Structures are given as C-alpha cells and as structure tokens.
Amino acid sequence: MTSPSGQPSAPVGANAVTIKNFAFAPATLTVKAGTKVTWSNTDPDAHTVTSKQGSGGPLQSTALATNDAYSYTFTQPGSYAYYCTIHPFMTATVVVTA
Ligand SMILES: [Cu+2]
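Under full-length UniProt numbering, think of the first position of the sequence shown as 1, with each following residue one higher.
And the structure:
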C-alpha cells in the first residue's frame, strides 16, 4: 500500500524481526496490540521463535529453515520474551502496547 504521495503507509520493518547471525534484530520490538509480527530467518542455520518457558507466551514456531518465516498477531498488551530453542543464547522481546 502506498499513499498518493508515494510514501509507504507504514514504516518498513516496523512489524518485522530478522534472524541474522544468530541474533534477533531488533532485540526489542514495540508494536501496538493487533499487530501481526513476522520473523524471517536469513541464516544458513535453522532457528525457532519460542516463548520463554514458564512465561505463558504464545510464540511457538517450528524450526525455521533459511528464508522461512513465522508470523504471530499480538492481541494482548504485555512484554513477550522469546528465544531460539536450538540456540538458547538467542533471546529477544516483543513489547505490545495498548
Ligand atoms: Cu537459533
């Protein structure tokens, strides 16, 4: 979608997380409730997007191969910590605002 002025209707990447070099970028993504967030794996290694154990979080991707993507729509405000189950040192957070 573009506006008549040719500008994108939303900031590019505002709801996207790139998995690259064994890290989630950005490490903290802030979105409004109702936003669909998409993770894309650009690494040659597989990664997952998984809510931290015990957090009750909703993220539970399969292992994402290179160029695979995973999406989740956040409906409830809160702070959602997640990690990669294959490489538990990979951690990041989505903050959902009302
Ligand atoms: Cu990983």
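C-beta atoms are modelled at their ideal positions from N, C-alpha and C, and glycine is treated no differently. None of the values given here were measured: they were computed from a predicted structure.
Alpha carbon of T18 to alpha carbon of A69, nearest angstrom
9 Å
From which residue to which residue does the beta strand (DSSP E) around I19 run?
Segment 16-20, the beta strand (DSSP E) holding I19.
Opposite N29 in the DSSP bridges: which residues?
The displayed chain sequence assigns Leu, not Asn, to residue 29. Paired residues: V94.
Tell me the rounded alpha-carbon separation between Q7 and K36.
Unreliable placement is indicated for Q7, whose pLDDT of 49 sits below 50; the coordinate value is still reported in the next sentence. Looking at the two C-alpha atoms, the distance is approximately 21 Å.
Just how far apart, CA to CA, sit I86 and F74?
24 Å
Exposed or buried, what is A92 when buried is set at 16 or more other beta-carbons lying within 10 Å of its beta-carbon?
With 16 or more other Cβ atoms within 10 Å, it is buried.
Going along the chain, which residues of its own chain have a beta-carbon closer than 8 Å to the beta-carbon of N15, five neighbours each way excluded?
Excluding positions up to five away in sequence, the list reads L29, V31, T35, K36, V37, T38.
Please confirm whether any heavy atom of ligand 1 lies closer than 7 Å to the CB of F22.
For ligand 1, at least one heavy atom lies less than 7 Å from the Cβ of F22.
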